[in-house]
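Okay, so the sequence shown: first residue is 214 according to this note's numbering, each after it adds one. From the three backbone atoms N, C-alpha and C, an ideal C-beta is built for every residue, glycine too. Input: a single structure, listed below in structure tokens.
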Amino acid sequence: MASRSYGQHCALAKSLDMVGDRWTLLVVRDLLEGPLRYGDLLSSLAPISTDMLAGRLRDLEAHGLVRKRTLPKPASGAVYELTDDGRALEDVINAYQRWGRHLIETRAPGDAVRPAWLIRAVRAFVREDRAGPPVTVRLVTPEGQAVIEIGPDRVDVCEDAKAVDVTLSGEAEVLGAAMDPAQVPALLADGRLVIDGDPAAVERVAKAFAPPRIRG
Numbered sequence: 214m215a216s217r218s219y220g221q222h223c224a225l226a227k228s229l230d231m232v233g234d235r236w237t238l239l240v241v242r243d244l245l246e247g248p249l250r251y252g253d254l255l256s257s258l259a260p261i262s263t264d265m266l267a268g269r270l271r272d273l274e275a276h277g278l279v280r281k282r283t284l285p286k287p288a289s290g291a292v293y294e295l296t297d298d299g300r301a302l303e304d305v306i307n308a309y310q311r312w313g314r315h316l317i318e319t320r321a322p323g324d325a326v327r328p329a330w331l332i333r334a335v336r337a338f339v340r341e342d343r344a345g346p347p348v349t350v351r352l353v354t355p356e357g358q359a360v361i362e363i364g365p366d367r368v369d370v371c372e373d374a375k376a377v378d379v380t381l382s383g384e385a386e387v388l389g390a391a392m393d394p395a396q397v398p399a400l401l402a403d404g405r406l407v408i409d410g411d412p413a414a415v416e417r418v419a420k421a422f423a424p425p426r427i428r429g
């Protein structure tokens, strides 16, 4: 919960009372990919402090957005997962991704990068009206890689994908920019982006992404 209420009878103000604190929506972002142990959250959200993370999780639990679940044996420990209300924040997270696209065109020194965050970017930028057969894409950055399958109605993470249709390689900010098809020719021309794959599959990937929102 935010440390102080806005004291306004407005849906936006009440929502910010619950999720407006620093780190809160980033906790939700990571849990949207599935349940996580406390230690995994602490690692993925670095440089968050353990006290800050514990406090944010308590607040989210208190408001019914996150629950803590003990793992069945033979596993041990517990995981945190989103409730239905928590998962309903996905549209909010995706809207922030789209709105802030221009803010990550260059990377500030020391900014952390996680390949998993590119998966969230894909979910935010794919066209809702995309069609055609699924296409499997490997996103390769110096920090690691992620493999996803883009289907007509969902985007799935592929943990053990042995065969992919298309591979995109480059810095994280370059792969983020490549989700705007209009930027791809320039990225290829200057060598910052490398695309490997069957031309028909590459074309399916290009068609899966909507043009960027015009800022005015």
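- Return the residue from the list SER228, GLN221, LEU238 and VAL387 that minimises the CA-CA distance to ILE306. What you label residue 306 is simply residue 93 of the sequence shown in a count that begins at 1. If we check each option's Cα against that of ILE306, LEU238 comes out closest.
- Can you give me the start and stop residues for the beta strand (DSSP E) that ASP409 sits inside? In the sequence shown, residue 409 corresponds to position 196, counting from 1. Residue range 407-410 is occupied by the beta strand (DSSP E) that includes ASP409.
- Query: What is the DSSP secondary structure of ALA275, reduced to helix, strand or coil?
  - Reply: Walking along the sequence shown from the start, residue 275 turns up at place 62. In the structure shown, the three-state DSSP call for ALA275 is helix.
- Message: Taking 8 Å as the threshold (C-beta atoms), are GLY277 and LEU284 in contact?
- Response: What you label residue 284 is simply residue 71 of the sequence shown in a count that begins at 1. What you label residue 277 is simply residue 64 of the sequence shown in a count that begins at 1. No, Cβ-Cβ distance for LEU284 and GLY277 is not below 8 Å.
- Message: Contact defined as beta carbons within less than 8 Å: I believe GLY299 pairs with VAL335. What is the distance between those atoms, to the nearest angstrom?
- Response: In the sequence shown, residue 299 corresponds to position 86, counting from 1. In the sequence shown, residue 335 corresponds to position 122, counting from 1. In this structure GLY299 does not touch VAL335 by the C-beta definition: roughly 21 Å separates them, more than the 8 Å allowed.
- Item | Selected residue, minimal CA-CA separation from GLU356, among GLU384, GLU372, PRO347 and ALA374 | Against the sequence shown, residue 356 aligns to sequence position 143. For GLU356, the nearest C-alpha among the options comes from GLU384.
- Message: In this structure, how does DSSP classify VAL415 when only helix, strand and coil are distinguished?
- Response: Along the sequence shown, read from residue 1 onward, the residue named residue 415 stands at position 202. In the three-state DSSP reduction, VAL415 falls in the helix class (H, G or I).
- Quick check: the segment 409-417 against the segment 385-394, are there 3 or more CB pairs under 8 Å? With the rule of 3 Cβ pairs closer than 8 Å, the segment 409-417 does not count as touching the segment 385-394.
- Task: Measure the C-alpha to C-alpha separation of LEU340 and TRP330 and round it to an integer number of angstroms.
- Result: As a first step, residue 340 is located in the sequence shown; it is residue number 127 there, counting from the start. As a first step, residue 330 is located in the sequence shown; it is residue number 117 there, counting from the start. Looking at the sequence shown, residue 340 is not Leu but Arg. Whole-angstrom Cα-Cα distance: 18 Å.
- Task: Can you tell me the Cβ-Cβ gap for LEU244 and TYR309, rounded? I've got them flagged as a contact below 8 Å.
- Result: Taking the sequence shown and counting its residues from 1, the one referred to as residue 244 is at position 31. Taking the sequence shown and counting its residues from 1, the one referred to as residue 309 is at position 96. Contact between LEU244 and TYR309 does not hold, since their C-beta atoms are separated by about 15 Å, which reaches or exceeds 8 Å.
- Starting from the C-beta of ALA215, find all residues in its chain whose C-beta is less than 6 Å away, skip the five residues before and the five after it, and write them out in chain order. In the sequence shown, the residue the question calls residue 215 occupies position 2. Unreliable positioning characterises ALA215 in this predicted model, as indicated by a pLDDT of 44, which lies under 50. The coordinate reading is nonetheless provided below. Take ALA215, set aside five residues on each side of it, and the residues of its chain with a beta-carbon closer than 6 Å to its own are ASP230, GLY233 and ASP234, in chain order.
- Task: In the DSSP assignment, find the alpha helix (DSSP H) that holds LEU255 and state where it starts and stops.
- Result: Along the sequence shown, read from residue 1 onward, the residue named residue 255 stands at position 42. Looking at the DSSP string, the run of the alpha helix (DSSP H) that includes LEU255 is 251-257.
- Task: Excluding the 5 residues preceding and the 5 following ASP411 in the sequence, name in chain order all residues of the same chain whose CB lies nearer than 7 Å to its CB.
- Result: Taking the first residue of the sequence shown as 1, we reach residue 411 at position 198. These residues qualify, in order along the chain: ASP378.
- Counted within 10 angstroms of its Cβ, other Cβ atoms place THR349 as buried (16 or more) or exposed: Reading the sequence shown from its first residue, position 136 is the one you call residue 349. THR349 comes out buried.
- Going by C-alpha distance, which of VAL370, GLU386 and ALA376 is nearest HIS315? As a working note, residue 315 is residue 102 in the sequence shown. With distances taken between Cα atoms, HIS315 lies closest to GLU386.
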